[in-house]
Every structure is written in structure tokens, then in C-alpha cells.
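As they're listed, the protein sequences go chains R and L. Counting in numbering that gives the first Met the number 0, the first sequence runs from 0 upward without gaps. Counting in numbering that gives the first Met the number 0, the second sequence runs from 0 upward without gaps. Quick reminder that beta carbons are idealized off the backbone N, C-alpha and C, glycines included.
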Amino acid sequence: MSYYHIEEEENELLAKVEEISGEIVTLCEQCGICTTSCPMADEMDFTPAGIMHAVKIGDKAVLDSKAIWICASCFTCTVRCPRGIDLAKVTEALRQIHLRKNKDHINLEEVKEEELEEDLPPIAIVSALRKFTG
Amino acid sequence: MKLPYYPGCTLKKNAKNFEKAAMAAAKHLGIELVELPRWNCCGAVSSLTSDDVMHHVAAIRNLVRVQQMNDDGILDNEYRLVVLCSMCFNVLKRSNILATSNASMLNTINSFMDTEPDYEGTVEVKHFLEILRDEIGFDTIKSKVINPLKGLKVSAYYGCTLLRPREVGIDDPEAPTIMERLIEALGAEPVDNPYKSLCCGSYHTVGSNKEVVARRTYKIVEGARRNGADVIITSCPLCAFNLDNRQALTEKLYPGFKRMPILYFTQLMALAFGYESEAGFDGNFVDPIPLLEEKGLIGMKVQK
Numbered sequence: 000m001s002y003y004h005i006e007e008e009e010n011e012l013l014a015k016v017e018e019i020s021g022e023i024v025t026l027c028e029q030c031g032i033c034t035t036s037c038p039m040a041d042e043m044d045f046t047p048a049g050i051m052h053a054v055k056i057g058d059k060a061v062l063d064s065k066a067i068w069i070c071a072s073c074f075t076c077t078v079r080c081p082r083g084i085d086l087a088k089v090t091e092a093l094r095q096i097h098l099r100k101n102k103d104h105i106n107l108e109e110v111k112e113e114e115l116e117e118d119l120p121p122i123a124i125v126s127a128l129r130k131f132t133g
Numbered sequence: 000m001k002l003p004y005y006p007g008c009t010l011k012k013n014a015k016n017f018e019k020a021a022m023a024a025a026k027h028l029g030i031e032l033v034e035l036p037r038w039n040c041c042g043a044v045s046s047l048t049s050d051d052v053m054h055h056v057a058a059i060r061n062l063v064r065v066q067q068m069n070d071d072g073i074l075d076n077e078y079r080l081v082v083l084c085s086m087c088f089n090v091l092k093r094s095n096i097l098a099t100s101n102a103s104m105l106n107t108i109n110s111f112m113d114t115e116p117d118y119e120g121t122v123e124v125k126h127f128l129e130i131l132r133d134e135i136g137f138d139t140i141k142s143k144v145i146n147p148l149k150g151l152k153v154s155a156y157y158g159c160t161l162l163r164p165r166e167v168g169i170d171d172p173e174a175p176t177i178m179e180r181l182i183e184a185l186g187a188e189p190v191d192n193p194y195k196s197l198c199c200g201s202y203h204t205v206g207s208n209k210e211v212v213a214r215r216t217y218k219i220v221e222g223a224r225r226n227g228a229d230v231i232i233t234s235c236p237l238c239a240f241n242l243d244n245r246q247a248l249t250e251k252l253y254p255g256f257k258r259m260p261i262l263y264f265t266q267l268m269a270l271a272f273g274y275e276s277e278a279g280f281d282g283n284f285v286d287p288i289p290l291l292e293e294k295g296l297i298g299m300k301v302q303k
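Shown next as C-alpha cells:
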């Protein structure tokens with residue numbers, strides 16, 4: 000996690016995330032309830048609270064993190080955030096920043112060859128495509 | 000009680016037993032579930048961005064079908080739409096909340112669907128479990144049991160989409176009890192699992208990240224086993240796939256891991272109501288039949 004600071008009015012990342020998500024990221028007080036609640040935190044390079052901090056200070060490294068793709072929108076943090084922030088919408092906004100530039104996160108051809116015959120349910124395929132492609 | 004019913008894609012492919020068992024159980028309780036004509040995929044996950052209206056169209060189009068069924072006389076002033084799949088339930092209910100609380104968004108959706116009648120915001124999206132709790136009642140369910148599931152220890156797995164976010168959930172998101180009450184009504188013994196609402200990894204089951212799912216599966220199944228569970232029940236076909244089919248991968252990651260059967264809650268209902276052949280136990284990945292035989296719950300002649 001980096002600790003440099005960008006003035007709020009110059010913070011492009013914050014402005015973009017707040018616009019796409021409709022959430023006020025600066026309300027975050029870094030209490031960490033999201034991180035301790037997150038079932039995926041142990042798979043992440045940025046913790047949920049770390050993601051919030053990065054957006055708040057405009058650290059664009061979060062856009063290249065694994066964490067924003069690992070978040071599966073389970074809404075545990077959303078239910079528990081004492082500041083009422085819907086963190087699932089924040090990670091969705093970070094994914095959308097990539098997807099809206101047509102940068103997909105899944106290689107469809109790989110999936111087809113390897114697994115379709117193992118009877119993946121349609122719900123798995125549709126949700127993966129909705130989350131990983133633009 | 001005649002209610003409109005939305006199946007969703009997976010109930011027509013992987014989770015046929017979920018639906019078939021539900022139909023038998025519903026009939027036993029005097030509920031007729033009438034499938035929506037010309038329903039379409041709901042989109043599986045709800046769009047979470049503030050500016051994306053497009054991805055709510057699929058969900059709203061399904062709600063229009065309920066209006067049409069009433070207009071066509073198939074239903075008599077019945078706007079409660081029953082959903083079995085937790086994910087579809089979540090998506091349909093979320094889009095409905097958005098459309099009915101945001102007039103300009105509803106207007107945009109209605110003008111986009113210019114070949115359909117306008118959605119008037121009249122539909123209520125209900126999970127089948129809510130109908131069981133609020134319309135039928137667990138006491139009535141108990142009185143309809145023919146084959147009490149005595150001696151079966153069942154752990155309820157809720158996952159995410161039945162409980163969260165709060166405005167969509169059908170029970171307390173931190174301490175749900177609705178499935179435990181059902182388990183009890185069916186004569187089985189509910190056992191707790193600290194991981195009953197821990198995300199199973201969802202769509203990470205597609206692609207190169209499925210070990211993420213297998214690690215969650217291990218945690219969830221072991222959480223139930225530590226409390227003595229014989230079997231886990233769920234209401235989500237994606238959770239079911241991850242907890243059931245991914246046990247093959249879990250076994251590889253955790254030597255010594257023992258498989259546990261994963262059932263849909265409706266399969267348990269069908270069994271308790273005496274519709275063993277409708278329960279579709281041959282459709283589960285981890286075979287539940289040896290367990291149910293050992294407990295003396297299947298293979299008996301049951302009076303209907």
C-alpha cells in the first residue's frame with residue numbers, strides 16, 4: 000500500500016469510481032470490518048480496506064490488482080460497513096474501468112476447450128461473462 | 000394457491016432435480032406453480048453500477064410476463080412471482096426494487112422495450128422459501144410430512160444471494176434461521192455451520208481460478224461436518240455445483256477429505272412428503288443414496 004496523497008479535486012481515480020459506483024468512497028474510515036469479514040481476503044493482494052484506501056488517495060496501482068477480480072460480490076462487507084458504503088459497488092466500478100475499455104479478464108477460448116464438457120451450469124458461465132467481459 | 004413461477008436457465012439443465020422436487024412438494028402443499036410463458040435469462044448477476052440501465056431490462060421483461068398472465072386470465076390478480084434459484088431471485092428482486100423506486104429508470108426501460116407492454120411495478124418477487132414460511136407456515140408443513148426424516152442431521156447453507164444485500168435478503172443476513180425451521184418441520188435435525196453464509200466462490204468456478212472455489216468448499220463442508228452434519232442443503236444451483244461437483248477438486252487439494260452429499264432443500268421436502276422418485280437423488284454429484292439408505296429414509300413403501 001502506498002501512502003502518497005493527491006488532493007481530492009485532482010484525484011481522477013476517486014472521481015471516476017464515485018461516478019460509476021454512486022458510492023461516496025471518502026466516507027471510509029479504515030475501520031477494517033470489510034477486510035475481516037471478506038471470505039476472499041486471503042486470496043487478495045489488496046485487502047478490501049486497502050482497495051478503499053487506494054481509491055481515496057488516488058493510487059492507480061489498485062487497478063492492476065488481483066483483488067478487484069477476486070471479489071465475487073458476496074455483499075458481506077456491504078451488509079457490515081458501519082459507514083453504509085456498498086463496497087461491492089466500488090470493486091464493480093474498478094472492474095468496469097477496465098471492461099469499458101474492452102479489456103476482458105477471461106479468455107473465452109480457453110474456457111471452451113477445457114471445461115464446457117464438465118457440465119458447468121449456465122448460471123456459472125453467464126455470471127462469469129457478466130463479471131469478466133465488457 | 001396458483002402462483003406464477005420463474006425457473007431460470009440452470010433449473011432446466013443442471014438442477015432439474017431442484018425443480019422437479021419443488022413441483023412435487025408444492026403440489027403436496029396445495030400450491031400450483033405456473034411457469035412464466037416466454038421467460039428469458041435474468042442475467043445471473045445484478046449490475047452494480049449507477050449508470051447501467053441496460054442490464055436490468057432482462058429482469059424487468061420477466062416481470063412483464065406476470066402482468067400478461069394476469070391480463071390473459073391465466074392468473075387471478077396474483078402478482079407474487081415465485082423463484083427457486085437464489086441467484087435469479089436476487090437479480091429479479093434487485094431490478095424490481097430499482098425500477099419501482101426510480102421512475103426515470105423505469106421510464107427508460109419501458110421505452111427501450113417498445114414491443115412489450117409497460118412494466119407497471121406491480122410484481123412482488125418472492126423466494127419459494129418465503130412462501131413456505133409466510134403463506135403455508137412451518138406448522139402446516141410439519142403436519143403434511145409423511146416420511147419424517149428422523150435421525151438425519153442437516154446443515155443449511157445459505158450462501159450470499161438469499162441473504163444479501165439486506166433489502167433483498169429473505170432473513171437476517173447475519174443469523175438466518177428459515178432453512179433450519181424447514182429442516183425441523185421435516186423431522187430432521189438442523190445443525191449449525193459457522194460458514195453457512197460464506198461465499199462459495201461463485202463464478203470463479205469457470206476458468207483458471209477454480210481452486211479458490213475448492214478451498215471455500217473445504218471450509219464450508221468441514222464447518223458442517225464438525226457440527227455433525229450428514230448432509231448440506233442449499234437453494235442456489237451455483238452454490239450446489241461448487242459445493243457438490245467441486246468436491247472432486249477439494250479431495251485433490253486436501254488429502255483425507257471425505258465427500259458429503261449436497262442436496263437442494265426441495266429434495267428433502269419431496270422425500271419427507273413421500274415423493275421419493277420425484278426427489279431426483281440420482282442427479283446429485285456426490286451420491287446421497289447410500290446415506291439415505293443407511294438412515295432408513297429411502298427404499299421404503301410410503302403411503303401417499
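Under a Cβ-count criterion, where at least 16 other Cβ atoms within 10 Å of its own Cβ denotes burial, should residue i be classed as buried or exposed?
i	result
Asp229 of chain L	buried
Arg163 of chain L	buried
Lys65 of chain R	exposed
Glu307 of chain L	In this structure chain L extends from 0 to 303, so residue 307 of chain L is not present and cannot be described.
Pro6 of chain L	buried
Lys303 of chain L	Here the model assigns Lys303 of chain L a pLDDT of 46, short of 50, so the residue's position is not dependable and the matter cannot be decided.
Gln246 of chain L	buried
Arg37 of chain L	exposed
Ser72 of chain R	buried
Glu108 of chain R	exposed
Asp170 of chain L	buried
Gln29 of chain R	exposed
Arg99 of chain R	exposed
Thr46 of chain R	buried
Glu11 of chain R	exposed
Ser46 of chain L	buried
Glu166 of chain L	exposed
Thr114 of chain L	exposed
Can you look up residue i in the DSSP assignment and give me helix, strand or coil?
i	result
Tyr5 of chain L	strand
Ser154 of chain L	strand
His52 of chain R	helix
Glu188 of chain L	strand
Ile19 of chain R	helix
Leu267 of chain L	helix
Glu277 of chain L	helix
Val44 of chain L	coil
Phe131 of chain R	helix
Ile105 of chain R	coil
Leu119 of chain R	coil
Glu166 of chain L	coil
Glu18 of chain L	helix
Ile177 of chain L	helix
Ile261 of chain L	strand
Leu242 of chain L	helix
Glu183 of chain L	helix
Glu28 of chain R	coil
Leu32 of chain L	strand
Thr160 of chain L	coil
Leu64 of chain R	According to the sequence as given, residue 64 of chain R is Ser; it is not Leu. In this structure, Ser64 of chain R counts as coil in the three-state DSSP scheme.
Against residue i, what residues of chain L qualify as contacts under a CB-to-CB distance less than 8 Å, listed in chain order?
i	result
Val24 of chain R	Going along chain L, no residue has its Cβ under 8 Å from Val24 of chain R, so there is no contact; the nearest lies around 13 Å.
Ile105 of chain R	Val205 and Gly206
Asp118 of chain R	Asn13 and Asn244
Output, in chain order, the set of chain R residues within a Cβ distance shorter than 7 Å of residue i.
i	result
Pro222 of chain L	First, the residue type needs correcting, since residue 222 of chain L is Gly and not Pro in the sequence shown. Neighbours of Gly222 of chain L on chain R: none; closest Cβ ~12 Å, over 7 Å.
Pro147 of chain L	In chain order: nothing, as chain R lies at least about 32 Å away.
Phe240 of chain L	Pro120 and Ala123
Ala43 of chain L	Ile122, Val125, Ser126 and Arg129
Quick test of your reading: residue i and residue j, contact by CB under 8 Å. State the CB separation rounded to the nearest angstrom.
i	j	result
Ser154 of chain L	Val190 of chain L	5 Å
Tyr202 of chain L	Lys218 of chain L	In fact, because the Cβ distance is near 18 Å, the residues do not count as touching under 8 Å.
Val220 of chain L	Cys199 of chain L	Actually they do not touch by this definition, with Cβ atoms about 10 Å apart.
Asn192 of chain L	Tyr156 of chain L	7 Å
Phe280 of chain L	Pro289 of chain L	No, Phe280 of chain L and Pro289 of chain L are not in contact; Cβ-Cβ is about 10 Å, not under 8 Å.
Ala271 of chain L	Val144 of chain L	5 Å
Val90 of chain L	Val44 of chain L	7 Å
Pro3 of chain L	Met68 of chain L	6 Å
Val89 of chain R	Ser20 of chain R	5 Å
Output, in chain order, the set of chain L residues within a Cβ distance shorter than 7 Å of residue i.
i	result
Ser20 of chain R	Thr48 and Ser49
Arg82 of chain R	Under the 7 Å cutoff, chain L gives no residues; its nearest Cβ is about 15 Å from Arg82 of chain R.
Thr77 of chain R	Arg163 and Pro164
Closer than 9 Å by beta-carbon distance: list the chain R residues that pair up with residue i, in chain order.
i	result
Pro193 of chain L	What Pro193 of chain L touches in chain R: nothing, since even the nearest Cβ is about 12 Å away.
Tyr202 of chain L	Ala71, Ile122, Ala123, Ile124, Val125, Ser126, Ala127, Leu128, Arg129, Lys130 and Phe131
Counting only beta-carbon atoms, is residue i nearer than 8 Å to chain A?
i	result
Ile122 of chain R	Although the question refers to chain A, the structure presented lacks it and instead comprises the protein chains R and L.
How would you list, in chain order, the residues of chain L whose beta-carbon sits under 9 Å from the beta-carbon of residue i?
i	result
Phe45 of chain R	What Phe45 of chain R touches in chain L: nothing, since even the nearest Cβ is about 16 Å away.
Can you pull the chain R residues whose beta carbon is under 8 Å from the beta carbon of residue i, in chain order?
i	result
Arg215 of chain L	Pro38
Val211 of chain L	Met39, Glu42 and Ile69
Is residue i near the ligand ATP - that is, is its Cβ less than 7 Å away from at least one heavy atom of it?
i	result
Leu197 of chain L	Here there are no bound small molecules, and the ligand ATP is not part of this structure.
Query raised in the report: Which runs of the alpha helix (DSSP H) fall wholly inside the segment 198 to 239 of chain L and span at least 4 residues, in chain order?
Result: 209 to 225
* To do: Within the segment 75 to 146 of chain L, note down every full alpha helix (DSSP H) run reaching 4 residues or more, in order along the chain.
  => Annotation: the segment 75 to 146 of chain L contains the following complete segments of the alpha helix (DSSP H) (minimum length 4 residues), in chain order: 85 to 100, 102 to 111, 127 to 130 and 137 to 142.
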